[in-house]
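Under this note's numbering, the first residue of the sequence shown is numbered 4, with each subsequent residue one higher.
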Amino acid sequence: MPDFPDSKSPEPVEFPAGVSRETNTGDAPRIVAIANQKGGVGKTTTAINLATALAAVGARVLLIDLDPQGNASTGLGIGHELRDRSSYDVLIGACSIHAAIHATAVPGLWLLPSTVDLSGAELELVTDSRRMHRLRDALQDGLQEQAVETPHFSHIIIDCPPALSLLTVNALTAADSVIVPLQCEFFALEGLSQLLRTVELVQSTLNPALEIQGVVLTMFDSRNNLSQQVAADVRSHLGPKVYQTIIPRNVRISEAPSYGKPALIYDHHCAGSRAYMQLAGEILRQEKQPEAA
């Protein structure tokens with residue numbers, strides 16, 4: 004069990020039942036895009052805490068911050084002064100992925116940070132015939148170098164911007180699958196339909212192997228009838244694609260980024276941290292199912 008670096012020396016995280024520390028050790032990491040074009044749904048929070056939870060159970064995880072706001076980078080304690088190289092530099096070909104990644108305070112978790120420069124990448128790449136493949140090309144080149152320069156990554160998590168932009172298309176083109184955070188609110192399904200259409204377009208033109216890995220319900224308030232109704236509606240429409248784990252609305256999750264820490268380090272006993280550990284367990288069991296088939 005990892006010793007989380009925290010001034011209060013927290014107790015070890017409790018792992019969900021059924022999760023071993025054996026993760027993907029094959030040659031190819033699992034690449035997962037965390038995407039939803041709607042802002043405020045817990046996308047970056049899910050990217051940070053899912054990556055941390057996977058690292059906690061023995062995965063070696065690279066989190067790619069592909070959002071110009073850079074909230075995933077800040078939430079992992081990588082300040083602007085440390086981002087001399089970023090996902091922007093990787094996309095425009097100024098450096099390799101391995102030249103830009105940072106080790107984080109979480110054992111087993113690395114970060115490719117973002118800067119505001121990323122917001123201009125779409126215009127800079129407009130004449131590039133492979134502009135939608137820039138991230139995939141960079142990952143393929145980087146993974147070839149990986150055996151020499153860094154430990155093998157078992158998982159690569161991509162935090163997408165809250166827009167169906169060139170950056171999001173780059174993430175979907177590079178990914179094996181998509182996890183969609185969905186806030187338990189009235190218009191949740193309407194926002195999801197546009198993303199699903201984009202995924203279908205990417206499948207038909209750029210990445211036939213792309214799949215929707217799952218939908219995770221976020222910001223659930225059990226005291227709110229609307230949250231319960233939305234959760235029921237989403238499950239009725241999407242069935243087994245919706246994870247059993249539900250991420251609750253939780254003040255400790257909201258506080259953690261301002262301290263530059265994932266919730267799992269800031270307060271690993273809180274309901275939100277426990278939920279993300281359960282989600283990681285559910286995802287790892289899901290990944291093992293094809294192997295068992």
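Just so you know, even glycine gets a beta-carbon here, dropped at the ideal spot from N, CA and C.
A quick note: this is a predicted structure, and the numbers were derived from the prediction, not measured.
Asked                                                                                                                             : Found
Backbone CA spacing between Val79 and Ala108 [nearest angstrom]                                                                   : In the sequence on display, residue 79 carries Leu and not Val. Going from the Cα of Leu79 to the Cα of Ala108 covers about 8 Å.
Cβ pair His83, Gly73 closer than 9 Å                                                                                              : yes
Span of the alpha helix (DSSP H), counted from its first residue to its last, around Ala124                                       : Ala124 to Glu127
Beta-carbon proximity of Val202 to Tyr246, cut-off 9 Å                                                                            : no
Thr77 to Gly42 span [Cα, whole Å]                                                                                                 : 17 Å
Environment of Tyr262 [buried if 16+ CB atoms lie within 10 Å]                                                                    : exposed
Buried versus exposed, by CB contacts within 10 Å (16 or more), Asp68                                                             : buried
Contacts around His105, its chain only, beta-carbon distance under 6 Å, and the 5 residues preceding and following it disregarded : Ile81 and Leu114
Range of the contiguous beta strand (DSSP E) that encloses Arg33                                                                  : Arg33 to Ile37
Buried/exposed call for His240, threshold 16 Cβ in 10 Å                                                                           : exposed
Start and end residues, beta strand (DSSP E) containing His1                                                                      : As displayed, the chain neither begins before 4 nor continues past 296, which places residue 1 out of reach and without an answer.
Alpha-carbon spacing of Ile256 relative to Asn227, whole angstroms                                                                : 19 Å
Residue nearest to Val237 in terms of C-alpha spacing, selected from Ile161, Leu53 and Gly194                                     : Gly194
Cβ neighbour criterion (16 or more within 10 Å) applied to Leu85                                                                  : exposed
Inter-residue spacing [alpha-carbon to alpha-carbon] between Gly145 and Ile249                                                    : 34 Å
Separation of Gln231 from Ala103, as counted between CA atoms                                                                     : 42 Å
DSSP-derived helix/strand/coil call for Ala106                                                                                    : strand
According to DSSP, residues forming a beta bridge with Ser180                                                                     : Val35 and Glu214
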